[in-house]
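One point on numbering: in the numbering used here, the residue at position 12 of the sequence shown is 12, and numbering is uninterrupted.
Note that beta-carbon positions come from the ideal geometry of N, C-alpha and C, so glycine has one too.
If you're wondering where the values come from, they're calculated on a predicted model, not measured in any experiment.
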Amino acid sequence: MQINKFNIRVYGILINENKQVLIAEELIKTGETNTVFIIESMKRVIDSVTTSKLDYIKIVDAVSFNEIPRIEKGNRFYILIACRIGKTRLIDNTLIRA
């Protein structure tokens, strides 16, 4: 598929609509605490866009910005995502409360 402004806009909407973050939030609501599993689930959403190249997904503590291995109820954390669609780099940082 050829990359053009329309495709970048469509794929930007995919990131900006936070479909991968909605998946993470749903997993957390159902009791999932393992950040590796949550990140892998989010990667599958981004990887479904054939022209995407994921730079990173991290789940970090909202205060220290250190990566965390588990979600602890009552804590705040950020989901950090950077991905390329063609030559455009899309970044999303979302604050979540567990």
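- Of S64, I91, R76, A82, the smallest CA-CA separation from R97 is found for R76.
- The closest CA to that of V49, considering only T30, V21, R84, is found on R84.
- By the Cβ-count criterion, T51 is exposed, with fewer than 16 other Cβ atoms from all chains shown falling within 10 Å of its own Cβ.
- Excluding five sequence positions before and after E67, the CB atoms of its chain that fall closer than 6 Å to its own CB belong to K58, V60, given in chain order.
- Put simply, of L90, I71, F65 the residue whose alpha carbon is nearest the alpha carbon of N34 is I71.
- The C-beta distance from Q20 to I81 rounds to 7 Å, short enough to fall under 8 Å.
- Under the 10 Å beta carbon count, A24 is surrounded by 16 or more other beta carbons and is classified as buried.
- In the DSSP assignment, D61 forms a beta bridge with F77.
- Assignment of I85 by DSSP, reduced to helix, strand and coil, places it in the strand class.
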